[in-house]
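Student: In this note's numbering, the protein residues as written are 53 to 472.
For reference, the structure I am asking about is given below.
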Amino acid sequence: MMMCMCPGMSIIVAMKAERGLIFKYCHGKRTDRVPRILGENYNSDLIERLYEAGGNVMLDLIIYLSSHHLKDLFGTSWFSVEDFCHKMGYNRTNLQRKLTEEQLTAMFGSRTPPKYVVAGTAGKSVTHPIETVFEAAIYKLGLENLYYPVAGEDGRTSYNFVQILKRFDIVSDFETKKSTKRLYSAVISPEIKDFMFSLYNLLELQDYRNLPSRYRYFYLELSKMIYLIKYKVKNNETPFYVLTVDQLAKRLGIEIAEPKYRKKKIASILTKMNGYLKYTNFNFSFIKGEHDRWAYTVLFSFPQDTLRYFDEGQYAVVTKRFYKSLLKLYVELVYPEIELESRGKEVKEQENDKELYGEFLQWANFSENIEKKKQLYINDFVAVFGRFPEGWTPERQQEVPDPEKFISSKSGADRKSPTV
C-alpha cells in the first residue's frame with residue numbers, strides 16, 4: 053500500500069459538502085453494494101482478526117469505501133471522520149481516541165508503529181504518527197488481503213489474493229498544535245472495485261446500522277442469502293437457504309457445548325436480530341437435515357416484500373451499461389488502429405483475457421480521461437432513465453452535470469480533491 057508524501061501541506065480551506073442535486077434511485081432506498089467476497093466463509097478468519105484488532109470499524113470501513121466504487125472513477129474522493137460517522141453510525145470521539153502502545157503492538161506486531169510523513173513549509177519533513185482508532189484501522193486494512201478460490205480447467209483449485217487498500221492519504225496542517233480538520237483518501241484495490249460491478253450483494257444501510265456491532269458481520273450472511281434466494285426464484289428452484297446449528301454457532305460466535313442449549317441460543321439471537329430489522333426481515337425454522345435424528349438444521353426464507361426491496365432495478369442497468377461503455381472507450385483510446393467494425397471483437401478479447409482485463413481495470417481506476425468518463429456515465433444514465441437528475445431544470449440541460457449528481461450519495465458529504 054502506498055502512503056503519499058504530499059508536499060506543501062497547509063491549513064485546509066473551509067469546504068462545503070457537495071450536497072447539490074442527488075439522484076435518489078429506487079424511491080429513496082438506502083441499499084449499498086458490498087463485495088460478495090467479503091461475506092464468504094473463507095474470509096471469515098480475516099474478518100475475525102480485524103474484529104479482534106479494531107472491533108467492527110475495519111469491516112465498516114470496507115463497506116463505506118466500497119460505496120465509492122463509482123465516484124473514484126471520476127477522481128479521488130476525500131472524506132472526513134465525520135463523514136464516516138454520519139453514514140455508518142459511529143461516535144467521532146471514540147474513533148479519534150489514541151491507541152495505547154499495547155494496542156498498537158497488538159494491531160501491528162513488533163514493527164515500528166506507522167507514521168505519515170509530509171514536507172513542511174520550511175522544507176523539513178513533518179512526521180504524523182498513525183495512532184488513532186480511525187487512522188490505525190485504515191492503515192491496517194492496507195496490510196490485509198481478501199482471497200477467493202478459483203477452480204481451473206484441469207480440476208485444480210488456485211487461490212487469488214486481493215489487496216484491500218491500494219493507497220492511503222491524509223490532508224491536514226500537521227505543523228500546528230491547533231485542532232485542524234483532516235481529510236482522508238483511502239482507495240480500495242481495482243479488483244474490489246470491479247467486484248462492485250459484477251460480484252456484489254446488497255446491504256440495507258439503515259438495518260445494518262440498527263444492529264448491535266456483534267451482529268453486523270452476520271448481516272452480510274443475510275445479504276448473501278437474499279442474493280442466492282432471488283437467483284433460485286429466477287430459476288424456479290426452492291427459495292430457501294439452510295445452515296446447520298454448528299455453522300450458525302460459529303458465525304454468531306456462540307460457544308455452548310450442549311447442542312440443545314446452543315440451538316436455543318441461536319433461536320434467541322435470530323429472533324432478537326429480526327426485531328432490529330425494518331427492511332431485511334427473514335423467517336427461520338428448525339428442520340431435520342439429511343441423516344439427522346433431531347431438528348438441528350436452520351431453514352431461512354424471506355417475505356416477498358423483502359425480496360422486492362432488494363432489487364436495484366434500473367440503477368443496475370445503468371452501472372452495467374456504463375462499465376461496458378468504459379471498456380469500449382478504453383479499446384478506442386488504447387487501440388486507435390483498430391477499425392470501428394472490429395472493436396467489438398477486441399472488447400470481447402479484453403473481457404476474456406485476465407491480464408488484458410487487469411490492464412483495463414488499472415486504466416479505469418486511474419485519474420485520466422475523467423471528462424470522457426463523466427460524459428459516458430451521463431449518456432448512459434439518460435439513455436436508461438430518459439431524463440436528467442431530479443431538479444436539473446431545462447435551462448441547465450446545456451451544462452454538463454457532474455456524475456455525482458447522478459450517483460446516489462446517502463450521506464451527501466463526499467468531496468473531491470481538497471484545496472490546500
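The beta-carbon is built from N, C-alpha and C at its ideal position, and this holds for glycine as well.
Leaving out five residues on either side along the sequence, give the residues of the same chain with a beta carbon under 7 Å from the beta carbon of CYS78.
Tutor: Position 26 of the sequence shown, counting from 1, holds the residue named residue 78. Any reading at CYS78 must be qualified, since the residue scores a pLDDT of 39, below 50, and its modelled position is unreliable; no value is offered.
Student: Out of SER337, ARG345, PHE292, state which residue places its alpha-carbon closest to the alpha-carbon of GLN356.
Tutor: For the purposes of this step, residue 356 is taken as the residue at position 304 of the sequence shown. Ranking SER337, ARG345, PHE292 by Cα distance to GLN356 puts PHE292 first.
Student: With contact counted as at least three CB pairs below 8 Å, one residue from each stretch, are the segment 404 to 412 and the segment 427 to 442 in contact?
Tutor: With a cut-off of 8 Å, the segment 427 to 442 and the segment 404 to 412 do not count as touching, because too few Cβ pairs lie within range.
Student: Would you say LYS276 and GLY91 are within 8 Å of each other, going by their C-beta atoms?
Tutor: Locating residue 276 in the sequence shown gives position 224, counting from the first residue. Locating residue 91 in the sequence shown gives position 39, counting from the first residue. Yes, these two residues count as a Cβ contact at 8 Å.
Student: Using only the alpha-carbon positions, how far apart do LEU385 and VAL399 sit?
Tutor: Within the sequence shown, residue 385 is the residue found at index 333, counting from 1. Within the sequence shown, residue 399 is the residue found at index 347, counting from 1. Answer to the nearest angstrom: the Cα atoms are 12 Å apart.
Student: Identify, in the order they occur along the chain, each residue of the same chain with its Cβ nearer than 6 Å to the Cβ of LYS167, setting aside the five sequence neighbours on each side.
Tutor: One-based indexing of the sequence shown puts residue 167 at position 115. Only THR179, PRO181 meet the Cβ criterion.
Student: Could you give the DSSP three-state label for VAL434: helix, strand or coil?
Tutor: Position 382 of the sequence shown holds residue 434. Helix.
Student: Using beta-carbon positions only, say whether LEU217 and MET110 come within less than 8 Å of one another.
Tutor: Indexing the sequence shown from 1 puts residue 217 at position 165. Indexing the sequence shown from 1 puts residue 110 at position 58. It is not a contact, given that the beta carbons lie outside the stated cut-off.
Student: Measuring straight from C-alpha to C-alpha, what distance separates GLU100 and TRP415?
Tutor: On the sequence shown, position 48 is the one that residue 100 refers to. On the sequence shown, position 363 is the one that residue 415 refers to. Looking at the two C-alpha atoms, the distance is approximately 33 Å.
Student: Going by DSSP, what residue range makes up the alpha helix (DSSP H) through GLU154?
Tutor: As a first step, residue 154 must be located in the sequence shown, where it is residue number 102. GLU154 -> alpha helix (DSSP H) spans 153 to 160.
Student: Once DSSP output is grouped into helix, strand and coil, what is the label at ASP363?
Tutor: Taking the sequence shown and counting its residues from 1, one reaches residue 363 at position 311. Correct three-state label for ASP363: coil.
Student: If we ignore side chains and look at the alpha-carbon of each, how far apart do GLY204 and LYS139 end up?
Tutor: Numbered from 1 along the sequence shown, position 152 holds the residue referred to as residue 204. Numbered from 1 along the sequence shown, position 87 holds the residue referred to as residue 139. The straight-line gap from Cα to Cα measures roughly 40 Å.
Student: Could you give the distance in angstroms between the alpha-carbon of ASP112 and the alpha-carbon of ASN253?
Tutor: Sequence index remark: in the sequence shown, residue 112 carries index 60 (1-based). Sequence index remark: in the sequence shown, residue 253 carries index 201 (1-based). If you take the alpha carbons of ASP112 and ASN253, they lie about 15 Å apart.
Student: Just reading off the beta strand (DSSP E) that SER177 is part of, what are its end residues?
Tutor: Here residue 177 refers to the residue found at position 125 of the sequence shown. Note, SER177: beta strand (DSSP E), 177 to 181.
Student: So LEU251 and ARG88 are in contact, right, with Cβ under 8 Å, and what is the actual spacing, rounded?
Tutor: Looking up residue 251 in the sequence shown gives position 199. Looking up residue 88 in the sequence shown gives position 36. With 8 Å as the limit, LEU251 and ARG88 qualify as a contact, their Cβ atoms being about 5 Å apart.
Student: Given this structure, state the Cα-to-Cα distance separating ASP298 from PHE418, to the nearest angstrom.
Tutor: Taking the sequence shown and counting its residues from 1, one reaches residue 298 at position 246. Taking the sequence shown and counting its residues from 1, one reaches residue 418 at position 366. C-alpha separation (whole angstroms): 45 Å.
Student: Rounded to a whole number of angstroms, what is the C-alpha to C-alpha distance between LYS380 and GLU307?
Tutor: As a working note, residue 380 is residue 328 in the sequence shown. As a working note, residue 307 is residue 255 in the sequence shown. Distance between the alpha carbons of LYS380 and GLU307: 52 Å.
Student: In angstroms with no decimal places, state the Cα-to-Cα distance between TYR269 and LEU98.
Tutor: For the purposes of this step, residue 269 is taken as the residue at position 217 of the sequence shown. For the purposes of this step, residue 98 is taken as the residue at position 46 of the sequence shown. Each residue's alpha carbon lies about 12 Å from the other.
Student: Considering just the uninterrupted stretch of the alpha helix (DSSP H) at ASN404, what are its terminal residues?
Tutor: Taking the sequence shown and counting its residues from 1, one reaches residue 404 at position 352. Looking at the DSSP string, the run of the alpha helix (DSSP H) that includes ASN404 is 395 to 404.
Student: Looking at C-alpha atoms only, which residue of VAL434, ILE222, ARG360 is the closest neighbour of TYR283?
Tutor: To locate residue 283, count along the sequence shown from 1; it is residue 231. Nearest of VAL434, ILE222, ARG360 to TYR283, Cα basis: ARG360.
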